[in-house]
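J.: With the numbering used here applied, the sequence shown corresponds to residues 0 to 255, in that order.
Have a look at this one before I ask anything.
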Amino acid sequence: MNKTHLSLGKWRGLQQCATQRGALVTMAIDQRNNLRQSLRPDNPDAVTPAEMVTFKTEVVSVLSQVAPSVLMDPEVGAAQCVAAGALSGQNGLMVAVEATGYAGNATERQSRLLPNWGVAKSRRMGASAVKLLVYYHPDAPNARDMEDFVKQVAEDSLANDIAFFLEPLSYSPDPSKKNLASEEKRRVVIASARNLVVPGVDVVKAEFPLEIKEQPDERHWAEACAELSAACAVPWVLLSAGVNYEIVFCARSLVA
Numbered sequence: 000m001n002k003t004h005l006s007l008g009k010w011r012g013l014q015q016c017a018t019q020r021g022a023l024v025t026m027a028i029d030q031r032n033n034l035r036q037s038l039r040p041d042n043p044d045a046v047t048p049a050e051m052v053t054f055k056t057e058v059v060s061v062l063s064q065v066a067p068s069v070l071m072d073p074e075v076g077a078a079q080c081v082a083a084g085a086l087s088g089q090n091g092l093m094v095a096v097e098a099t100g101y102a103g104n105a106t107e108r109q110s111r112l113l114p115n116w117g118v119a120k121s122r123r124m125g126a127s128a129v130k131l132l133v134y135y136h137p138d139a140p141n142a143r144d145m146e147d148f149v150k151q152v153a154e155d156s157l158a159n160d161i162a163f164f165l166e167p168l169s170y171s172p173d174p175s176k177k178n179l180a181s182e183e184k185r186r187v188v189i190a191s192a193r194n195l196v197v198p199g200v201d202v203v204k205a206e207f208p209l210e211i212k213e214q215p216d217e218r219h220w221a222e223a224c225a226e227l228s229a230a231c232a233v234p235w236v237l238l239s240a241g242v243n244y245e246i247v248f249c250a251r252s253l254v255a
């Protein structure tokens, strides 16, 4: 990344989210609905905000000692961890701006901002960067709406001079297909990088661009990653996606 192409505020924010060697490393704990499900699988709705705050504070106080930056939500994470002293001033703070889940139906997913939150408020609370998760499929009826949505958040990041991490997630707009086949996932992940990266987007948090169970040959992995790099106008980092670290994530990372 050439820092001469970035404003000072964005460059400084990226520095705060990276190691001394310049590697972007972030511990993500911005989960909300998924965390409720993990804490109480039998009754996730019974999980209280206080329980989530306690859990996140305890995790952040330990793992922030080895991670240069932490991604948190503004509901039960960021402010609470900062106020409790769980997050050191030496750590970068990345704040999610999207509402958890999505509106609409599963085949036309509508990402949206968290009510009464946004880029400007994240900057005012001292965030180094903001993160936006957006569900996207180029063939979905609302694809243009999602492109415009990302563009608006990117413009807000420029206006507030804060680093912007974009996290596109693929999905199937076909109700008869729950998951994307490997080749379609490759097409969608690459189209996301091509269509959603606009001025203001600084880093893409990308899904691995194919399904390794369907295509176990690492030569195909390398080809897909190279195609993603060619399509993406900014640096991209690999989403962990909750996969096994040693067996799956490390193998993907080496190829990427």
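We put the CB at the ideal spot given by N, CA and C, even for glycine.
Go through the region 87 to 157 residue by residue and report every complete run of the beta strand (DSSP E) that reaches 3 residues or more, in order.
T.: 91 to 95 and 128 to 134
J.: Rounded to whole angstroms, what's the CA-CA distance from V52 to M124? Just pull it up for me.
T.: In this model, V52 and M124 are separated by some 18 Å (Cα to Cα).
J.: Taking the Cβ atom as the reference point for each residue, do K120 and E166 lie within a distance shorter than 8 Å?
T.: no
J.: So what does E257 bridge to, in DSSP terms?
T.: Look at the range of the chain in this structure, 0 to 255, and you will see that residue 257 is not part of it.
J.: So what's L70 in DSSP terms, helix, strand or just coil?
T.: strand
J.: Could you give the first and the last residue of the continuous alpha helix (DSSP H) run that contains T25?
T.: Run containing T25: none in the alpha helix (DSSP H); it sits in the beta strand (DSSP E), T25 to I28.
J.: Give me the residue from L62, L5, F207 and W116 with the minimum Cα distance to E97.
T.: W116
J.: When the Cα atoms are used, what is the spatial distance from M93 to D173?
T.: 33 Å
J.: What does DSSP give as the partner residue(s) for A17 in the beta ladder?
T.: L23
J.: Decide if Y135 is buried, meaning its Cβ has at least 16 other Cβ atoms within 10 Å, or exposed.
T.: buried
J.: Which residue marks the beginning of the alpha helix (DSSP H) containing V59, and which one marks its end?
T.: P48 to L62
J.: Check the DSSP bridge columns for L237 and list the partner residues they point to.
T.: A205
J.: Can you find the residues in the same chain that come closer than 8 Å, C-beta to C-beta, to D138, ignoring five residues on each side of it along the sequence?
T.: P172
J.: Measure the Cβ-Cβ separation of A205 and A192 and say whether it is below 8 Å.
T.: yes
J.: Shortest alpha-carbon distance to L5 belongs to which of F148, D44, D201 and L237?
T.: D201
J.: Helix, strand or coil: how does DSSP classify S37 here?
T.: Judged by DSSP in its simplified three-state form, S37 adopts helix.
J.: Measure how close the beta-carbons of D72 and A49 come, nearest whole angstrom, since I'm counting them as under 8 Å.
T.: The pair is not a contact, with the Cβ atoms about 15 Å apart (cut-off 8 Å).
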